[in-house]
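Numbering (the working numbering), first residue to last: 217 to 588.
Beta carbons: idealized from backbone N, C-alpha and C, even for Gly.
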Ligand code: SF4
């Protein structure tokens with residue numbers, strides 16, 4: 217019997233029926249979902265799957281983003297944040313500045329995570345990161361260190377003339393606890409050749425994530441869509457992440473987010489001039505829950521690029537995590553996409569407003585325990 221009214225008449229009814237029975241769609245079926253116009257029905261199925269797993273609970277994390285340097289030699293065409301070495305607006309935070317930012321956020325907001333991301337700065341040796349992570353763990357033991365994209369790890373390996381495996385081992389030893397999924401964009405090398413030709417390949421991203429998981433560093437996986445990708449390339453992206461997860465079980469969450477073209481080279485050259493829009497966002501959330509929900513537990517609805525209203529709607533389409541308070545975020549803000557700062561209380565109010573129960577979490581998606 218059909219669990220969803222309308223499944224039987226939809227071109228994707230068989231995929232949704234199988235998903236409701238617990239099956240993960242094949243790569244081909246994932247592409248069928250992406251090419252279907254039946255986003256509402258997908259959303260009903262995905263929302264049902266999320267509520268089956270999490271009830272009405274929606275998590276969020278009190279965190280800051282530490283964009284420790286904007287110096288970068290990788291020149292991604294979708295990035296409005298970076299500055300080349302020697303630029304008048306280039307900066308790199310000192311250890312004391314990092315300490316001061318975390319202390320202020322800990323004392324004011326009781327943050328549970330510091331999300332650390334920056335440019336590919338060829339002047340920063342691995343010791344810079346080791347000292348920073350060791351300081352964080354020693355002085356702020358209740359704050360999780362969620363640090364560095366796979367491509368930053370690759371850059372550190374090149375600067376320190378060692379392997380990415382060795383870099384991950386040293387950084388974990390210093391205090392790094394988990395990794396964000398940034399730098400994945402779309403894993404297709406055709407897409408990367410257009411939007412970020414100097415960045416690591418999709419296969420390198422998968423390899424470094426595998427090495428991180430094998431080293432005992434869990435991570436997120438991400439996807440930036442809404443530029444030059446095709447449905448087939450999105451399906452491949454999701455499938456490659458799913459296949460790695462089957463092997464390592466190291467991904468804690470999947471975070472799809474839409475590209476914001478303002479102030480980027482892709483917009484200036486006329487390749488992409490408009491964002492993907494709300495309908496695309498809801499479809500990506502629904503497809504992500506259906507395709508990855510059986511193996512990656514959490515799905516984040518990012519309010520940062522899409523605004524609070526869309527993040528609320530995404531909860532109906534399969535998301536179970538609202539992301540972070542993201543105090544101090546600078547990368548997306550450079551595109552002008554960010555609407556406002558959100559406190560933990562504002563996030564909780566936004567979640568309650570649409571009938572869900574907010575739960576503050578820690579770096580590893582466990583409920584945050586009260587501060588002593
Ligand atoms: S996205 Fe990251 S790697 Fe690419 S230019 Fe911006 S800072 Fe550099």
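{"Query": "Per-residue DSSP class, three states only, for residue 470", "Result": "strand"}
{"Query": "Reduced DSSP category for residue 565 - H, G, I as helix; E, B as strand; rest coil", "Result": "helix"}
{"Query": "Burial state of residue 235 (16 or more Cβ within 10 Å)", "Result": "buried"}
{"Query": "Close-in-space but distant-in-sequence residues of the same chain around residue 213 (CB under 7 Å, 5 per side omitted)", "Result": "No answer is possible for residue 213: the residues shown for the chain start at 217 and end at 588."}
{"Query": "Contact check, residue 515 vs residue 458, beta carbons under 8 Å", "Result": "no"}
{"Query": "Coil, strand or helix - residue 305 by DSSP", "Result": "coil"}
{"Query": "Straight-line Cα distance separating residue 227 from residue 217", "Result": "Per-residue confidence for residue 217 stands at a pLDDT of 36, beneath the threshold of 50, marking its modelled position as unreliable; no derived number is given."}
{"Query": "Straight-line gap, residue 259 to residue 465 (C-alpha atoms, nearest Å)", "Result": "26 Å"}
{"Query": "Where residue 328 falls, given that 16 or more other Cβ within 10 Å makes a residue buried", "Result": "buried"}
{"Query": "Where residue 392 falls: helix, strand or coil (DSSP)", "Result": "coil"}
{"Query": "Nonlocal neighbours in the same chain, by C-beta distance under 6 Å from residue 575, ignoring five residues either side", "Result": "273, 275, 583"}
{"Query": "Identity of the residue in 572, 520, 461, 566 nearest residue 240 by Cα", "Result": "461"}
{"Query": "Cβ-heavy atom distance, residue 290 to ligand 1, below 7 Å", "Result": "yes"}
{"Query": "Terminal residues of the alpha helix (DSSP H) in which residue 464 lies", "Result": "447–464"}
{"Query": "Residue 473 versus residue 518 - alpha carbon distance", "Result": "7 Å"}
{"Query": "CA-to-CA distance, residue 242 to residue 448, given in whole angstroms", "Result": "12 Å"}
{"Query": "Residues of its chain near residue 384, where Cβ-Cβ distance is below 6 Å and the 5 sequence neighbours each way are ignored", "Result": "427, 428, 431"}
{"Query": "Heavy atom of ligand 1 within 7 Å of residue 298 beta-carbon", "Result": "yes"}
{"Query": "Boundaries (first-last residue) of the beta strand (DSSP E) holding residue 255", "Result": "Run containing residue 255: none in the beta strand (DSSP E); it sits in the alpha helix (DSSP H), 255–270."}
{"Query": "Coil, strand or helix - residue 384 by DSSP", "Result": "helix"}
{"Query": "Inter-residue Cα distance where the pair is residue 357 and residue 229", "Result": "49 Å"}
{"Query": "First through last residue of the beta strand (DSSP E) which encompasses residue 537", "Result": "537–540"}
{"Query": "CA-to-CA distance, residue 468 to residue 343, given in whole angstroms", "Result": "28 Å"}
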